[in-house]
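Have a look at this one:
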């Protein structure tokens with residue numbers, strides 16, 4: 236019978252898949268761990284109120300209204316976005332309002348124009364009350380003058396509600412893929428090397444590529460099943476937004492596969508560097524922990540100091556999380572997130588180049 240490399244690869248994949256199913260750590264990192272956070276955050280409707288307000292580029296900052304708003308703790312003023320970006324984020328629910336303060340040449344010194352989104356009616360009430368209170372106090376101090384200091388103009392647009400689960404689920408899914416790719420791959424190949432299983436494979440016609448591809452196919456298959464389970468559970472139990480339904484789900488699974496392939500490169504590198512199984516967790520945590528904390532898993536990286544945001548924007552998980560959120564909530568296509576995919580590709584090329592240098596077969 237003629238030897239078939241394809242059959243050997245599939246046999247390796249089947250054996251590896253069974254091994255993953257029998258591994259408690261694989262189930263914990265791929266399913267149980269992210270599900271705990273998704274369930275916990277899925278029931279959270281929000282704690283302390285924080286209103287994200289975009290400041291129009293044409294707005295006049297040299298006025299008492301802007302000065303008071305800037306020092307109001309409940310408000311987060313966003314001033315680094317273009318007009319188009321602000322309008323899109325207002326419609327998507329990423330911004331709660333856009334404010335434009337203009338200095339008038341005649342009549343009332345200032346006009347405060349505010350555009351709200353109907354996606355955040357509670358935050359609209361908070362901001363509206365704040366503005367009315369601020370203007371009332373300012374105008375009360377100026378009663379001696381013939382005109383008040385400022386007048387308020389308000390308008391609303393239609394928008395979709397951006398729920399906490401819409402942010403949390405992609406982040407947890409991304410971290411699940413990162414953990415599976417790094418820890419799972421590192422432990423498996425180090426174990427195969429230390430137990431001399433790989434050495435025994437070399438006594439057979441099985442090629443090295445079949446060993447790697449078989450393990451990769453098994454891990455991708457298991458992780459995609461886990462990802463699908465998390466997405467479906469999030470959608471039907473917690474209302475996770477899938478803007479284009481099944482098309483969005485398929486795009487999320489494709490992104491998951493791409494992300495996992497990149498993260499497996501880290502796993503190969505770790506297995507080559509580690510000398511024994513006890514040294515895998517410390518090395519792997521150096522890779523996974525910063526991304527878990529800084530890649531927008533639990534909260535937006537915009538809350539970090541500017542210097543820390545530069546670090547966040549250098550991490551691959553940041554771009555996987557961003558791409559999945561854009562696809563799920565905004566309805567972006569894979570072409571629309573090509574920038575994030577390109578950065579993941581660059582990370583993949585770099586990490587696999589390192590893995591080739593440090594990976595050991597024996």
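Residue numbers (our numbering): 236 to 597. All residues carry an ideal CB built from backbone N, CA and C; glycine is no exception.
#1: Taking the alpha-carbon positions, what's the residue 517 to residue 551 distance?
#2: Which runs of the alpha helix (DSSP H) fall wholly inside the region 399-457 and span at least 4 residues, in chain order?
#3: Helix, strand or coil: how does DSSP classify residue 298 here?
#4: Per DSSP, which one or two residues make a beta bridge with residue 338?
#5: Rounded to whole angstroms, what's the CA-CA distance from residue 507 to residue 251? Just pull it up for me.
#6: Check the C-beta distance from residue 494 over to residue 555 and give it rounded, since I have them as a contact under 8 Å.
#7: Hey, could you find the ends of the beta strand (DSSP E) residue 287 is sitting in?
#8: Quick check on DSSP: helix, strand or coil for residue 584?
#9: Counting C-beta neighbours from all protein chains within 10 Å, is the total for residue 201 16 or more, i.e. buried, or is it exposed?
#10: Taking buried to mean at least 16 other C-beta atoms within 10 Å of its own C-beta, is residue 450 buried or exposed?
#11: Spatial neighbours of residue 288 within its chain, please: CB distance less than 8 Å, with the 5 preceding and 5 following residues excluded, ordered by chain position.
#12: Taking the beta carbon of residue 401 as the centre, do at least 16 other beta carbons fall within 10 Å, making it buried, or is it exposed?
#13: Three-state secondary structure (DSSP) at residue 255?
#14: Going by DSSP, what residues sit across from residue 332 in a beta bridge?
#15: In this structure, how does DSSP classify residue 310 when only helix, strand and coil are distinguished?
#16: Of all the options 544, 487, 593, 514, which has the alpha carbon lying nearest to the alpha carbon of residue 570?
#17: According to the neighbour-count rule (16 or more other Cβ atoms, all chains shown, within 10 Å of its Cβ), is residue 300 buried or exposed?
#18: So which of 419, 405, 346 has the shortest CA-CA distance to residue 258?
#19: Can you give me the C-alpha to C-alpha distance between residue 510 and residue 407, rounded to a whole angstrom?
#20: Can you give me the C-alpha to C-alpha distance between residue 271 and residue 575, rounded to a whole angstrom?
#21: Out of 403, 538, 525, which has the shortest C-alpha to C-alpha gap to residue 474?
#22: Once the 5 residues before and after residue 536 are set aside, which same chain residues still bring their CB inside 6 Å of it?
#23: By how many angstroms is the C-alpha of residue 326 removed from the C-alpha of residue 247?
#24: Measure the Cβ-Cβ separation of residue 336 and residue 294 and say whether it is below 9 Å.
#25: Skipping 5 residues on each side, what residues in its chain have a beta carbon closer than 7 Å to that of residue 240?
#26: Find out if the Cβ-Cβ distance for the pair residue 465, residue 411 is shorter than 9 Å.
#27: Within the same chain, show all residues whose beta-carbon is closer than 7 Å to that of residue 243, passing over the 5 residues directly before and after it, in chain order.
Taking the definition as stated:
#1: Position 282 of the chain shown, counted from the first residue, corresponds to residue 517. Position 316 of the chain shown, counted from the first residue, corresponds to residue 551. Between residue 517 and residue 551, the C-alpha separation is close to 20 Å.
#2: Within the region 399-457, the complete alpha helix (DSSP H) runs of at least 4 residues fall at 399-414, 420-429, 432-436.
#3: Reading the chain shown from its first residue, position 63 is the one you call residue 298. Looking at residue 298 - three-state DSSP - the assignment turns out to be coil, as it is neither helix nor strand.
#4: Translated into positions along the chain shown, residue 338 becomes position 103. According to DSSP, which records beta bridges pairwise, residue 338 is partnered with 345.
#5: The residue labelled residue 507 in the question sits at position 272 within the chain shown. The residue labelled residue 251 in the question sits at position 16 within the chain shown. The alpha-carbon atoms of residue 507 and residue 251 are separated by roughly 19 Å.
#6: Locating residue 494 in the chain shown gives position 259, counting from the first residue. Locating residue 555 in the chain shown gives position 320, counting from the first residue. The distance from the Cβ of residue 494 to that of residue 555 is about 4 Å, consistent with a contact at the 8 Å cut-off.
#7: Counting from one through the chain shown, the residue named residue 287 turns up at place 52. Membership of residue 287 in the beta strand (DSSP E) is indicated by the continuous run 286-290.
#8: The residue labelled residue 584 in the question sits at position 349 within the chain shown. Note: residue 584 maps to helix in three-state DSSP.
#9: Nothing about residue 201 can be reported from this structure: the residues present for the chain run from 236 to 597 only.
#10: Here residue 450 is taken as the residue at index 215 of the chain shown, counted from 1. Per the 10 Å Cβ criterion, buried.
#11: Mapped onto the chain shown, residue 288 falls at position 53. These residues qualify, in order along the chain: 304, 310, 311, 312, 313, 330, 331, 332, 333, 334, 362.
#12: For the purposes of this step, residue 401 is identified with residue 166 of the chain shown, where counting begins at 1. Its Cβ being crowded by 16 or more others within 10 Å, residue 401 is buried.
#13: Residue mapping note: residue 255 aligns to position 20 of the chain shown, counting from 1. Helix at residue 255.
#14: Residue 332 sits at position 97 when you count from the first residue of the chain shown. Under DSSP, residue 332 shares a beta bridge with 288, 351.
#15: The residue you call residue 310 lines up with position 75 of the chain shown. Of the three classes helix, strand and coil, the one that applies to residue 310 here is strand, per DSSP.
#16: Locating residue 570 in the chain shown gives position 335, counting from the first residue. Here the closest residue by C-alpha is 487.
#17: Within the chain shown, the letter at position 65 stands for residue 300. Residue 300 comes out buried.
#18: For the purposes of this step, residue 258 is taken as residue 23 along the chain shown, with counting starting at 1. Of the candidates 419, 405, 346, 419 places its Cα closest to the Cα of residue 258.
#19: Here residue 510 is taken as the residue at index 275 of the chain shown, counted from 1. Here residue 407 is taken as the residue at index 172 of the chain shown, counted from 1. Those two C-alpha atoms are separated by around 30 Å.
#20: Numbered from 1 along the chain shown, position 36 holds the residue referred to as residue 271. Numbered from 1 along the chain shown, position 340 holds the residue referred to as residue 575. Approximately 27 Å between the Cα atoms of the pair.
#21: Here residue 474 refers to the residue found at position 239 when the chain shown is read from its first residue. If we check each option's Cα against that of residue 474, 403 comes out closest.
#22: The count along the chain shown starts at 1 and reaches residue 536 at position 301. The answer, listed in chain order, is 544, 547.
#23: Numbered from its first residue, the chain shown carries residue 247 at position 12. Numbered from its first residue, the chain shown carries residue 326 at position 91. Whole-angstrom Cα-Cα distance: 49 Å.
#24: The sequence position of residue 336 within the chain shown is 101, counting from 1. The sequence position of residue 294 within the chain shown is 59, counting from 1. Yes, the pair counts as a contact, with Cβ atoms nearer than the cut-off.
#25: Position 5 of the chain shown, counting from 1, holds the residue named residue 240. If we look at residue 240 and ignore the five residues flanking it on each side, its Cβ neighbours are 442, 445.
#26: To locate residue 465, count along the chain shown from 1; it is residue 230. To locate residue 411, count along the chain shown from 1; it is residue 176. The criterion of a C-beta distance shorter than 9 Å is satisfied by residue 465 and residue 411.
#27: As a position in the chain shown, residue 243 is number 8, starting the count at 1. Answer for residue 243: 441, 445, listed in chain order.
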